[in-house]
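The structure appears below as structure tokens.
Number of protein chains: 2
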Amino acid sequence: MMTITTAQASTCSPAELASRHRRLLADAVRAVAARTAFSAFTGREPSGPQGDEATALFSAQLETPLDLPGHIGVPTLQTDEVSPWTRLPLGVSYPRAEAPALIEHARQAQAPWSARTIDERAGICIEMIERMFAANVVLGLAAMHTTGQGRGMSRSGSGTNALDRGLEAVAAAWQVLSRVPTAASWEQTFGAELVALEKTYRIVPMGPALVVACASFPAWNVYPAVFANLMAGNPVIVKPHPSSVLQMALAVEIMRETLTDAGCDPDAVQLAVDSAAEPITSILATHPKVRIVDFTGSARYGAWVEEHARQARVYSETSGLNAVVLDSFTDTDAALRAVAGAISLFSAQMCTAPQNIYVPESGVVTPEGVLSADELEQGLIDAAAAIAESPRRAAAVLGAIQSERTIDEIADLTATLRARAHVLSEPRSWAAPEFPRARTSTPLIARVSLDDEDLFAHECFGPVVFLIRVPDARTALQRAAADAAAHGAITAFLYSTDEPLIDSAEEAFAAAGASLTINVTGAMPINFSAAFSDFHVSGLNPAGTATLTDDSFVTGRFRVVQSRRPLRPSHN
Amino acid sequence: MMTITTAQASTCSPAELASRHRRLLADAVRAVAARTAFSAFTGREPSGPQGDEATALFSAQLETPLDLPGHIGVPTLQTDEVSPWTRLPLGVSYPRAEAPALIEHARQAQAPWSARTIDERAGICIEMIERMFAANVVLGLAAMHTTGQGRGMSRSGSGTNALDRGLEAVAAAWQVLSRVPTAASWEQTFGAELVALEKTYRIVPMGPALVVACASFPAWNVYPAVFANLMAGNPVIVKPHPSSVLQMALAVEIMRETLTDAGCDPDAVQLAVDSAAEPITSILATHPKVRIVDFTGSARYGAWVEEHARQARVYSETSGLNAVVLDSFTDTDAALRAVAGAISLFSAQMCTAPQNIYVPESGVVTPEGVLSADELEQGLIDAAAAIAESPRRAAAVLGAIQSERTIDEIADLTATLRARAHVLSEPRSWAAPEFPRARTSTPLIARVSLDDEDLFAHECFGPVVFLIRVPDARTALQRAAADAAAHGAITAFLYSTDEPLIDSAEEAFAAAGASLTINVTGAMPINFSAAFSDFHVSGLNPAGTATLTDDSFVTGRFRVVQSRRPLRPSHN
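What follows is the structure in structure tokens.
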């Protein structure tokens with residue numbers, strides 16, 4: 001077994017863990033209630049392995065079976081897992097088990113896990129988060145070589161930010177669960193008789209929960225789902241994408257180790273690994289005993305899961321048509337850099353990346369006068385090219401492309417667009433300094449018209465940008481909001497100095513369920529979503545139902561059952 | 001139009017209503033958070049018509065079109081509505097409209113309604129509740145002559161208790177909604193740059209909501225659903241059962257009148273009336289624009305709605321197999337009276353009524369020694385007979401049978417049981433003093449064995465009781481809990497002095513999702529469910545998913561969408 005968390009691993013009772021992490025929990029609960037800025041990791045360095053030590057530990061795991069003590073299953077080589085950076089197979093074997101056995105082990109773990117108090121469960125979950133943070137550099141390398149993310153993002157977006165979203169889910173769940181009173185004394189007069197009852201209220205978990213991860217950014221959705229489930233008392237089966245297992249397997253290893261050290265059954269968190277050739281997700285998702293499914297992945301498969309997993313409550317995040325509406329700029333260069341950054345970041349393999357940028361025929365008002373539609377297009381292309389032209393910067397910002405299929409789809413789309421539309425920037429691969437064989441692509445940027453909705457009115461995964469010519473910004477707004485409502489969107493972006501237009505945009509995107517970012521430029525990527533503060537996925541459009549993190553993300557995972565009896569004297 | 005609420009009807013702005021009802025809201029919020037005893041109506045008499053005046057107003061509505069000012073639809077005689085007490089058609093005409101028109105009117109009402117603040121919506125909802133309370137006696141007569149309830153129950157269970165459950169939903173929703181912050185200032189450093197954003201969070205309603213009522217106890221489920229929806233900003237279409245319209249139509253009249261008086265669009269609450277011959281529920285429930293369905297009714301149709309209303313979030317309450325486990329008594333007569341009362345109350349046409357009573361072969365321990373199984377059976381039969389033997393008491397407790405079909409089904413079942421089991425008490429009709437033609441029945445009580453699960457393992461609606469012989473109480477407990485989990489149950493009842501058995505029962509019924517009442521005797525009907533305190537329907541078994549009232553009853557009815565932009569100086 002890798003020893004990636006030696007610094008913190010030690011036996012500790014659930015009550016001790018509750019006590020140890022009480023203050024962090026309280027801070028997180030305050031933040032999640034007020035939606036203010038908060039991170040558990042600001043100004044902290046991971047206490048676990050870093051630098052060469054981390055690299056050595058990561059390399060030692062390659063070509064090696066991953067050991068998950070006590071986990072059922074037969075070690076099986078994961079042939080679908082190939083680094084997007086090196087194009088070499090990772091060669092890791094994971095324990096593989098059949099769905100019924102995993103579910104049975106989950107069911108066995110449920111009663112003792114749900115018998116823990118809410119504070120104890122929170123303490124154990126936060127201990128898991130702290131241990132994952134300690135191992136952040138090693139987990140980041142695993143994220144990097146499965147998702148294709150750059151080194152920085154693999155430690156922040158897939159590391160601390162994802163862990164913060166996990167902690168947010170712990171806090172949100174704690175808040176919801178702790179509001180349910182454990183007992184009440186009740187008195188009411190019936191006729192002349194005073195009836196006095198004592199009532200107890202019990203949190204009952206729904207049952208085994210399945211968490212299906214996507215290939216390109218698994219941690220960000222897996223951690224909130226796992227922790228919301230564990231807080232509610234549900235045992236969890238984490239099912240990574242077959243091409244992107246290692247980071248989640250190491251995360252599960254740390255979670256199980258934490259459970260074991262706390263004297264709990266480690267099967268409260270299990271790993272389900274399958275292959276592209278022999279998938280297991282549908283079997284797990286539709287099993288009668290699986291009661292919760294968190295699904296992140298394609299819209300098509302997500303719809304299948306929602307259609308067929310009728311025995312479960314399904315929380316989903318699939319895909320969306322994120323739009324940029326351009327009306328007027330206060331700082332043209334800053335705005336163009338911001339938009340170019342968002343379409344470049346991790347090569348738009350993020351659910352918050354914009355795809356459809358609306359370009360008004362009438363141009364955009366700037367302090368220097370009107371920028372024509374053509375000038376605006378050229379400005380965006382130049383700003384995107386500036387990011388891609390330095391291989392070092394490209395490696396950090398664009399990262400690699402997770403799946404060969406994305407490269408193929410972009411090639412096919414480019415051919416289609418050449419025949420039908422104006423391709424303004426052809427996708428091209430570029431050589432990353434550290435990994436010359438990396439699977440890479442600059443964005444495909446094409447000009448289309450509103451009539452080309454067969455092209456732009458569905459998600460094209462990866463670095464694909466449509467510059468959609470529209471008469472004016474209001475037309476853009478209407479169209480973008482209508483597409484968000486009909487086809488799904490998580491984010492929307494507006495640049496405008498026109499307050500009535502901003503008001504209209506807030507109305508329209510609120511109704512369509514897309515979170516709106518207005519006039520943001522500068523160092524923060526405009527599609528960055530802040531844990532504790534930004535609600536992510538509204539549930540109002542087809543992009544999904546799993547809102548990070550509102551009450552509804554928690555309330556479907558447990559139920560309350562009561563018992564009542566005459567008030568006993570000892571309780572008076 | 002009937003003037004059933006003259007005492008309170010007056011023009012009043014939403015802000016004034018919010019202010020007027022602020023204190024009651026605060027009291028209700030406190031009660032719902034602590035689950036303590038509370039009622040808005042203790043010690044109060046309705047200010048509206050009572051006695052002869054109420055009777056005259058009710059009678060004046062019979063054989064007359066109900067006027068709902070501004071409501072779409074063509075007045076149509078409701079031929080399915082026949083009083084279970086007089087067996088005479090009510091002869092009321094209601095406006096009938098097609099589903100698309102109702103939904104379009106709801107959609108028109110949504111934006112202005114959801115633009116009201118949460119406090120204003122609460123003020124208007126509580127004003128509706130107060131006006132319905134003022135009209136409690138007239139609404140009670142309407143409940144009585146549609147459901148068959150006795151006069152007392154029609155004013156309490158279908159009156160104040162149902163209104164309290166409605167107020168509970170207002171308070172629960174207010175609590176959930178008001179926790180979502182409306183805005184936050186957010187700062188985070190990216191590199192050397194401090195990024196400061198202002199964020200706003202907006203409650204967005206899901207869309208038109210359909211509330212489908214049952215025939216025998218509509219108010220109790222309709223009020224919570226209507227008010228949870230209105231609080232979340234959703235316009236509501238109330239769809240009564242075709243044989244039980246009048247009470248809900250009058251309630252909708254009062255709600256619309258309140259909306260109009262507050263300067264709001266009355267179409268935020270509409271009435272959908274259909275007939276048994278031309279039902280409209282399936283069309284409404286599966287319409288793409290209907291986003292919430294609250295369904296109370298049969299398990300079979302409820303399953304159809306859940307299967308087909310895929311565009312909506314469905315909250316359901318269907319049926320269940322409520323059980324009584326008998327182990328030991330401290331007061332034999334009191335226990336027998338309590339159980340007999342529960343099987344007699346409104347002739348078991350309540351979702352909380354027990355059907356399956358487990359009788360241990362070994363008998364039941366009492367202070368006077370062991371009561372044999374045969375003695376126990378006889379005791380129950382005698383206790384039930386004592387209730388039915390006085391026509392006046394029978395009219396008050398048993399009430400009438402809502403549907404002729406229930407009478408037919410009991411007759412069929414009696415024939416089956418005569419051939420297969422031991423019928424201990426044959427159902428017989430009895431003459432109510434005030435209404436000699438009333439449709440009535442004493443309970444059918446039969447002894448069966450555990451092998452007769454084809455008889456007892458599904459709900460037999462109405463006054464049907466199986467005395468199931470079991471070896472001992474623990475066997476009964478296991479079987480009752482297993483049936484609750486598999487077939488659905490809302491309540492369970494236990495009489496025992498054995499604390500380890502009580503602990504086991506609490507565990508088993510909590511896991512099965514049935515609310516447990518232990519050793520309760522006396523003036524309170526043991527299947528009484530207290531607003532603000534008792535959670536009703538757990539969502540853990542097939543009896544339904546609509547829990548009165550927990551957070552999950554509210555959180556599925558709205559979503560939160562955010563907008564963010566650079567912090568403006570004026571906001572510093």
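Protein sequence lines, in the order shown, are assigned to chains A and B. Per UniProt numbering, the first sequence runs over residues 1 to 572. Per UniProt numbering, the second sequence runs over residues 1 to 572. Cβ coordinates follow ideal geometry from the N, Cα and C atoms, glycine included.
Give me the residue from the options with the minimum Cα distance to residue i.
i, options, result
"G124/B", "P205/B, S83/B, A54/B, E257/B", "One detail in the question is off: residue 124/B reads as Ile in this sequence, not Gly. Measuring from the Cα of I124/B, the nearest candidate turns out to be E257/B."
"A395/A", "E459/A, A438/A, T160/A, V470/A", "A438/A"
"V204/B", "P525/A, A508/A, V365/A", "A508/A"
"D551/B", "L345/B, A232/B, A184/B", "A232/B"
"W430/B", "A400/B, H422/B, A383/B", "A400/B"
"V423/B", "A446/B, R202/B, A512/B", "A446/B"
"A523/B", "R116/A, S178/A, F190/A", "F190/A"
"T406/B", "V252/B, S178/B, P427/B", "P427/B"
"I357/B", "W304/B, H71/B, A481/B", "A481/B"
"H71/B", "F329/B, A510/B, M255/B", "M255/B"
"R559/B", "A546/A, L250/A, E120/A, R557/A", "A546/A"
"Y315/B", "P566/B, D27/B, P542/B, A26/B", "P542/B"
"D294/B", "R557/B, P367/B, L25/B, A134/B", "R557/B"
"N234/B", "T549/B, E368/B, G513/B, R313/B", "R313/B"
"A489/B", "E317/B, I292/B, D452/B, P14/B", "E317/B"
Which residues in chain B sit within 9 Å of residue i, going by Cβ to Cβ distance?
i, result
"A340/A", "Near A340/A there are no residues of chain B at all, since even the closest Cβ is about 17 Å away, more than 9 Å."
"A262/A", "Within 9 Å Cβ-Cβ: nothing; A262/A doesn't reach chain B, min ~23 Å."
"G513/A", "V204, R559, V561"
"L516/A", "V561, Q562, S563, R564, R565"
Would you call residue i buried or exposed, if buried means 16 or more other Cβ atoms sit within 10 Å of its Cβ?
i, result
"Q50/B", "exposed"
"M145/B", "For clarity, residue 145/B is His in the given sequence; the question names Met instead. With 16 or more other Cβ atoms within 10 Å, it is buried."
"V74/A", "exposed"
"S244/A", "buried"
"L259/A", "buried"
"G544/A", "buried"
"S10/A", "exposed"
"T6/B", "Bear in mind that the predicted position of T6/B carries a pLDDT of just 49, short of 50, making it unreliable; the figure below should be weighed with that in mind. Exposed, because fewer than 16 other Cβ atoms sit within 10 Å of the Cβ of T6/B."
"G43/A", "exposed"
"R568/A", "exposed"
Who are the near neighbours of residue i in its chain, counting only those whose CB is closer than 8 Å to its CB and skipping five residues on each side?
i, result
"S362/B", "V370, A373, P471, D472"
"C12/A", "R20, E127, D261, A262"
"V82/A", "L88, P89, L90, S243"
"M248/B", "A213, P218, A219, V222, V238, P240, L271"
Within its chain, find whatever has a CB closer than 6 Å to the CB of residue i; leave out the 5 residues flanking it on each side and keep chain order.
i, result
"L494/A", "V325, A505, I518"
"V520/A", "I526"
"P500/A", "none"
Could you tell me which chain B residues have their CB closer than 8 Å to the CB of residue i, listed as they occur along the chain?
i, result
"Y201/A", "R35, F535"
"V305/A", "The contacting residues do not exist; V305/A stays about 13 Å from chain B at best."
Which residues of chain A have a Cβ atom closer than 8 Å to the Cβ of residue i, listed in chain order?
i, result
"F190/B", "G522, A523, M524"
"L540/B", "V204, M206, R559, V561"
Near residue i, which residues of its chain fall below 7 Å by C-beta distance, leaving aside the five closest residues on each side in sequence?
i, result
"V29/A", "A171, W174, Q175"
"A340/B", "L380, A383, A384, I387"
"F435/A", "W85, T86"
"R96/A", "G73, V74, T76, V273"
Under 7 Å Cβ-Cβ, which residues of chain B neighbour residue i?
i, result
"W174/A", "The contacting residues do not exist; W174/A stays about 14 Å from chain B at best."
"V293/A", "Here the premise fails: no neighbours, minimum Cβ distance about 16 Å."
Check the Cβ of residue i against every Cβ in chain A and list those closer than 7 Å, keeping chain order.
i, result
"P566/B", "N519, V520"
"V195/B", "G522, A523, M524"
Next on the checklist: Ignoring anything shorter than 3 residues, give me the beta strand (DSSP E) runs that lie fully in the stretch 267 to 323 of chain B, in order along the chain.
Outcome noted: 269 to 271, 292 to 296, 313 to 317
Checklist entry - What are the start and end residues of each continuous beta strand (DSSP E) run of 3 or more residues lying completely inside the stretch 336 to 398 of chain A, in chain order? => result 356 to 360, 364 to 366, 369 to 371
Item to check | Ranges of the alpha helix (DSSP H) found wholly within the stretch 445 to 482 of chain A, counting only runs of at least 4 | outcome: 453 to 456
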